[in-house]
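Just so you know, the numbering used here puts the end of the sequence shown at 172, numbered straight through with nothing missing. Encoded as structure tokens, the structure appears first; notes follow it.
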Amino acid sequence: MIEVRPLQPAHDGAWLEAFLEEQWGGSLQARRGELFDARRLPALVARRDGERVGLLCYRDDGGRVWELALLSAADGHTGIGSALLVALVDMVGAGARIWVVTTNDNVDAMRFYQRRGFRLQELRAGAVDESRRVLKPQIPVTGRYGIPLRDEVELVLDV
14 MIEVRPLQPA HDGAWLEAFL EEQWGGSLQA RRGELFDARR LPALVARRDG ERVGLLCYRD
74 DGGRVWELAL LSAADGHTGI GSALLVALVD MVGAGARIWV VTTNDNVDAM RFYQRRGFRL
134 QELRAGAVDE SRRVLKPQIP VTGRYGIPLR DEVELVLDV
């Protein structure tokens with residue numbers, strides 16, 4: 014069974030650093046033309062059999078709009094991401110909107126989000142190229158499945 018709880022910085026700090034490094038190459042993430050530090054955001058942690066196995070970082074954009082800034086699971090297709098997303102949806106409540114940005118190569122994420130009710134909102138052609146040039150040069154040129162990593166795709170869920 015997967016349990017989800019709020020991140021406790023004093024307790025989870027070392028794990029958070031290691032997990033972000035392993036899963037994302039570090040805590041600094043780029044999207045929408047800005048760089049943010051995932052360590053500075055509120056987050057939810059998924060645990061299975063007492064072990065931390067997933068992370069969801071979020072931000073309240075004001076009112077009833079929330080950003081799902083980062084979602085990561087140690088193992089895919091095991092319910093970790095779903096459990097984290099359900100916990101976020103329960104937390105924000107009915108009438109809220111959740112938005113998330115992924116990249117054009119991340120077809121697994123697009124599948125995941127759309128199967129859970131998210132809708133495609135916006136394509137920002139060339140946004141990843143620009144982030145690589147201006148914000149984060151270590152963003153790879155080629156992404157998952159050998160797909161050139163160029164664009165941001167924004168999805169939204171009306172809760």
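For each residue, glycine too, the CB sits at the ideal point set by N, CA and C.
When the alpha-carbon of Met14 is set against those of Glu35, Gly75 and Arg65, the nearest one is in Arg65. Within the same chain, Ile152 come within 7 Å of Arg145 by CB-CB distance, once the 5 residues on both sides are set aside.
Taking the Cα positions, Asp171 is about 13 Å away from Leu101. In the assembly as shown, Glu35 is an exposed residue. Its beta-carbon has fewer than 16 other beta-carbons within 10 Å. Separation of the CB atoms of Leu83 and Gln127 is rounded to 18 Å, and the pair is thereby denied contact status at 8 Å. Cβ contact annotation for Leu136 (same chain, cutoff 7 Å, sequence separation greater than five): Asp164 and Val166, in chain order. Here Leu20 is near Leu57, since their CB atoms are less than 8 Å apart. Distance from Val114 to Arg53 at the Cβ level is roughly 17 Å; contact not present, criterion being Cβ atoms closer than 8 Å. By the Cβ-count criterion, Thr116 is buried, with 16 or more other Cβ atoms from all chains shown falling within 10 Å of its own Cβ.
Exposure of Gly89 is indicated by the presence of fewer than 16 other C-beta atoms within 10 angstroms of its C-beta.
Each of Leu98, Gly26 and Leu33 was checked against the Cα of Glu16, and the nearest Cα belongs to Leu98. Using a 10 angstroms sphere on the CB of Gly67, the tally of other CB atoms reaches 16 or more, which defines it as buried. For Ala138, same chain residues with a beta-carbon under 6 Å away, outside a window of 5 residues either side, are Asp164 in chain order.
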